[in-house]
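From first to last, the protein sequence lines stand for chains R and Y.
All residue numbers for the first sequence refer to our numbering, where the first residue is 80 and numbers rise by one.
All residue numbers for the second sequence refer to our numbering, where the first residue is 13 and numbers rise by one.
Glycine included, C-beta positions come from ideal geometry on N, C-alpha and C.
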Amino acid sequence: MTHLELDSVKKVFGDPEKEGVVAVNDLDIDVPDGDFLVLLGPSGCGKTTTLRMIGGLEDPTEGEVRFDGTVVNDVKARNRDVAMVFQDFALYPHMTVRENLGFGLRRENNDMTGTEIDERVTEVAEMLEIEELLNNKPAQLSGGQKQRVALGRAIIREPRLFLFDEPLANLDAKLRKTMRTEIDELQSEVGITSAYVTHNQEEAMTIADKIAILNDGELQQLGTPDQVFNEPANLFVAQFVGSPDMNLFQGALSERGDSYRIEMDAASFDIPKRLVDTEIDTDEVLVGFRPQDLYQARTRATNGPEFDTQVRVVEPVGTEAIVHGTSALGDVTAKVGRFHDLEPEDQMELTIAPEHVYLFDPTTESLLKGRLVTERAEGGTSADSVEA
Amino acid sequence: MATDNTDPTAEYRKNQSWLYDSKAGGYVRKTAIGLLTLVIGVFVLFPLYWMVVTAFKTTSEIQQIPPTVFPADPSLEGFRLVIESSIQAGGYAGLVSDLFGITVTSAIDINLLGLIVNSLKVAVGAGLIAVVLGTGASYVLSRREFRGKNLLMSLLLASLMFPGTAIMVPEWELISTLGLFNTHLALILIYGAMTSPFVVWLMKGFFDDFPDSIIEASQIDQCTPFETFWYVLVPMARNSLIASFIFAFLLAWNELVFALTLLDNSKFTVPPGLLTFVQGFNTQWNVVAAASIIVSIPVLAGLAYIQRYFVQGLTGGAIKG
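And the structure:
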């Protein structure tokens, strides 16, 4: 049970005075006891370095790492009482599964006898359903089984913190989904504060209590999955989170009474001022549409923009399809239902509700208006769109 | 374009060659490979064969011209002389005559068992020194960055290229100064020093390939650096350590020049000991061959037992996860 804090943590590889590489810069993260933090970002953004600094495998150049208010910068990894699951699992190849699981307990300075350790190993193996593998060596296990052993090695000790370094990256897609759910369940069950590194935004969204999105060593946003999806702090977060990628278009903005008028190349629409929290004082904006928020105008009417799109590719994904098309605004990606009659070259009309539109400042790239969930009424026009 | 009466599979046969795609060609290839293997085999094994055959010949047959390929009159004379000599020189003559009532007298005065024991002592000592020093050095050279590291590695490699005899005189002086002349410790130190660089290179290859994450996992599992080394690195390095040990062991077992010059008769190891059987024109080659066979047996038996580790260790730091 640990309250984890990172306070202005900075990591420079190489000589800080000369041309050191700044891997992590001025990072502040606060993870309350029992929370599941996901560090999300593209390759080389510093997320793994951050995790390794929490685990004590890397020393911060500046700043403090605190467990329950105690600065642990000088505490070595082996004394921090954390457990870590590595991307390549890092099982000891010369030990059986039983020995792998029990190794940490045997090295630990505890009063457990050999029998007690064996019992604990069996208990954990049953929990992870690997009890029949206990006498196998890691080389005889499949990827998923190795993953379970690696998890078992982490949970057997009931550590202060769980650290996961892209634990699912080496698994196939189906296994990744089941293991993701299992890790989530396991963590909620034992209630141990966890930090989890991934570059997969979908994984992050499903598993996290809080997501920290990093880019180039800088924290972009720290928030719940809903927050980073609906109110991304900036353009980077908006584009990194969510799949397929957000559509972005240039637009001109003007005030008109109690709404903002957005003019784009082929469409224009009004956004009531009530939907916008911030004061907008630019006249140029970047307009963002999530593919999920686009509808075919023939199926749903909105007060937002409508624009014609020529279908290029239809990618069915079950009940919906991802449609890539060309419109006067530019290339558009939409996730729509009723796609069976759509063929390449067809014309369709797309629309989006004003509540769902994102607006960004084109120079600072910061968010002006996010996606409002509560405003949306199912089945068509919302109360707002009537007055707009 | 294929017409009606051509074979429809002809398309797939365009690239065929007689040597690789016909039955006759297959036989030709197999025969050629077999012959080549045979030639190489004879080249490698004939000296060994000749040693064995010589051991079973009588002195007169050995001197016969032309020589016989098989002993016409197999005899264990050579073995008898070696064993008698060992019994007498080892001081067991009295014991043997008490137990079996056989009186042993021998013109030769060499105790083979004593030679083997001396050699084992020296070879095991040298092997241990090489493995312990070489492994420690290679771990540091592989895992730490420091100034002069490449120079050090090059020096170690260069030292392997030196013929041992080139540094004979300074070594001799050194041993003399240390007062280690005519001791087995002198040989252990010299052989250990000669083989350590090789062990460094071999083990460095292993440690270079060693995944960091396993070491980090052991740190997370609350291991001290020594525990990591002892419980994780050493067991995983087992094959490479065995290969290193065998290499150092064999070099020490086979080395002649230092042993001959630094020791006197009473402390000889196997190679100079065998040399004392060779006595100018009077050499009894069947005795030399028989002695050679006898001293090879313990080494062969040991190697047969651990050779799979040796091969795995030499073929690289294959760490299977």
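| task | Please classify F348/R: is it buried, with 16 or more other beta-carbons within 10 angstroms of its beta-carbon, or exposed? | result | If you number the first sequence from 1, residue 348/R lands on position 269. Classification for F348/R: buried.
| request: Could you name the residues of chain Y that A156/R contacts, counting a contact when the two beta carbons are closer than 7 Å? | output: For the purposes of this step, residue 156/R is taken as residue 77 along the first sequence, with counting starting at 1. Going along chain Y in sequence order, the residues near A156/R (Cβ under 7 Å) are Q231 and I232.
| Simplified DSSP assignment, three categories, for G302/R | Here residue 302/R refers to the residue found at position 223 of the first sequence. In this structure, G302/R counts as strand in the three-state DSSP scheme.
| message | Is M248/Y close to chain R? Criterion is C-beta to C-beta, closer than 8 Å. | response | Position 236 of the second sequence, counted from the first residue, corresponds to residue 248/Y. Yes, M248/Y lies at the interface with chain R (some Cβ there is under 8 Å from its Cβ).
| Contact the region 237-249 of chain Y vs the region 140-156 of chain R: 3+ CB pairs below 8 Å | In short, these stretches do not touch, since the Cβ pair count stays below three.
| Counting Cβ pairs closer than 8 Å, one from the region 307-323 of chain R and one from the region 266-285 of chain R, do we hit at least three? | Contact between the region 307-323 of chain R and the region 266-285 of chain R is established, with three or more Cβ pairs separated by less than 8 Å.
| query | Given a limit of 7 Å on CB to CB distance, which residues of the region 239-263 of chain Y reach chain R? | reply | If you check each beta-carbon in the region 239-263 of chain Y against every beta-carbon of chain R, the ones closer than 7 Å belong to E239, V244, P247 and M248.
| field | Cβ separation of G125/R and A102/R, assumed to be a contact under 8 Å, to the nearest whole Å | value | Counting from 1 along the first sequence, the entry for residue 125/R is found at position 46. Counting from 1 along the first sequence, the entry for residue 102/R is found at position 23. Between A102/R and G125/R the Cβ distance is about 5 Å, and since that is below 8 Å, they are a contact.
| said: Can you tell me whether Q76/Y is helix, strand or coil according to DSSP? | reply: Position 64 of the second sequence, counting from 1, holds the residue named residue 76/Y. If DSSP states are grouped into helix, strand and coil, Q76/Y belongs with coil.
| request: Within the same chain, show all residues whose beta-carbon is closer than 6 Å to that of A248/R, passing over the 5 residues directly before and after it, in chain order. | output: Position 169 of the first sequence, counted from the first residue, corresponds to residue 248/R. Within the same chain, A248/R has close Cβ partners Q166.
| query | Cβ atoms of A432/R and F386/R: under 8 Å apart, would you say? | reply | Taking the first sequence and counting its residues from 1, the one referred to as residue 386/R is at position 307. Taking the first sequence and counting its residues from 1, the one referred to as residue 432/R is at position 353. Contact flag unset, no.
| said: Restricting to Cα atoms, I'd like to know which of S225/Y, L199/Y and A149/Y is closest to G217/Y. | reply: The count along the second sequence starts at 1 and reaches residue 217/Y at position 205. When each option's Cα is compared against that of G217/Y, the closest is A149/Y.
| said: So with CB distances below 7 Å, who are the chain R contacts of I402/Y? | reply: Outside the displayed range of chain Y (13 to 333) lies residue 402/Y, so it cannot be described from this structure.
| request: Enumerate in chain order the residues of its own chain whose CB-to-CB distance from E210/R is below 6 Å, with the five nearest sequence positions on each side excluded. | output: In the first sequence, the residue the question calls residue 210/R occupies position 131. Excluding sequence neighbours, E210/R sits near A204.
| request: Would you mind stating whether N194/Y and L93/Y have Cβ atoms separated by less than 8 Å? | output: Here residue 194/Y corresponds to residue number 182 of the second sequence, with the count starting at 1. Here residue 93/Y corresponds to residue number 81 of the second sequence, with the count starting at 1. Contact: no.
| field | Cβ shell of L254/R (< 6 Å), same chain only, five flanking positions each side left out | value | On the first sequence, residue 254/R is found 175 positions in, with the first residue counted as 1. The residues are G223.
| Host beta strand (DSSP E) of E84/R (start-end) | In the first sequence, counting from the first residue as 1, residue 84/R sits at position 5. Start and end: L83 to F92.
| task | Indicate whether at least one CB of chain Y lies closer than 8 Å to the CB of A162/R. | result | Counting from 1 along the first sequence, the entry for residue 162/R is found at position 83. Chain Y contact via Cβ: present.
| query | Who are the neighbours of T236/Y on chain R, taking C-beta pairs under 8 Å? | reply | Working through the second sequence from its first residue, we reach residue 236/Y at position 224. R157, listed in chain order.
| request: Reducing DSSP to helix, strand and coil, say where N214/R ends up. | output: Here residue 214/R is taken as the residue at index 135 of the first sequence, counted from 1. In the structure shown, N214/R sits in coil (DSSP, three-state: anything other than H, G, I, E or B).
| task | Determine, using beta carbons only, whether R177/R comes closer than 8 Å to chain Y. | result | The count along the first sequence starts at 1 and reaches residue 177/R at position 98. R177/R does not count as touching chain Y.
| message | Tell me the rounded alpha-carbon separation between F115/R and P304/R. | response | Start at 1 with the first residue of the first sequence, and residue 115/R comes out as number 36. Start at 1 with the first residue of the first sequence, and residue 304/R comes out as number 225. The alpha-carbon of F115/R is positioned some 11 Å away from that of P304/R.
| query | How long is the line joining the alpha carbons of P441/R and G113/R, rounded to whole angstroms? | reply | Translated into the one-based positions of the first sequence, residue 441/R becomes position 362. Translated into the one-based positions of the first sequence, residue 113/R becomes position 34. Each residue's Cα considered, the two are about 38 Å apart.
| Buried versus exposed, by CB contacts within 10 Å (16 or more), S256/Y | Position 244 of the second sequence holds residue 256/Y. By the 10 Å Cβ count, S256/Y comes out buried.
| field | alpha helix (DSSP H) segment containing I187/Y, residue limits | value | Indexing the second sequence from 1 puts residue 187/Y at position 175. Start and end: M180 to L190.
| message | Between which two residues does the alpha helix (DSSP H) holding Q291/Y run? | response | Residue numbering aside, residue 291/Y sits at position 279 when the second sequence is read from its first letter. That residue, Q291/Y, is in no alpha helix (DSSP H); it is neither H nor E in DSSP.
| query | Which chain R residues sit within Cβ distance under 8 Å of P223/Y? | reply | Indexing the second sequence from 1 puts residue 223/Y at position 211. In chain order: D167 and A169.
| Three-state class that DSSP yields for N104/R in the structure shown | As a position in the first sequence, residue 104/R is number 25, starting the count at 1. Reduced to three states, the DSSP call for N104/R is strand.
| said: Using beta carbons (cut-off 8 Å, strictly below), is L293/R in contact with chain Y? | reply: Taking the first residue of the first sequence as position 1, residue 293/R is located at position 214. By this cut-off, L293/R is not an interface position.
| request: Take P172/R and list the residues in its own chain whose beta-carbon comes closer than 8 Å to its own, dropping the five residues that flank it on each side. | output: Your numbering for residue 172/R matches position 93 in the first sequence. Correct list, in chain order: K216, P217 and A218.
| When burial is assigned at 16 or more other CB atoms within 10 Å of the CB, is M132/R buried or exposed? | Counted from its first residue, the first sequence places residue 132/R at position 53. It counts as buried.
| beta strand (DSSP E) segments (min. 3 residues) lying fully within the region 380-448 of chain R | 385-396, 399-406, 409-415, 426-430, 437-439 and 446-448
| query | If you pair each beta-carbon of the region 307-321 of chain Y with each one of the region 289-299 of chain Y, do three or more pairs fall below 8 Å? | reply | no
| query | When the cut-off is 8 Å and only beta carbons count, does E187/R lie next to chain Y? | reply | Taking the first sequence and counting its residues from 1, one reaches residue 187/R at position 108. Closer than 8 Å to some Cβ of chain Y, the Cβ of E187/R qualifies, so yes.
| Does the beta carbon of F182/R sit closer than 8 Å to a beta carbon anywhere in chain C? | Annotation note: the requested chain C is absent from the structure, which comprises protein chains R and Y.
| query | Going by alpha carbons, who is nearest to L180/R out of E237/R, M325/R and E141/R? | reply | If you number the first sequence from 1, residue 180/R lands on position 101. If we check each option's Cα against that of L180/R, E237/R comes out closest.
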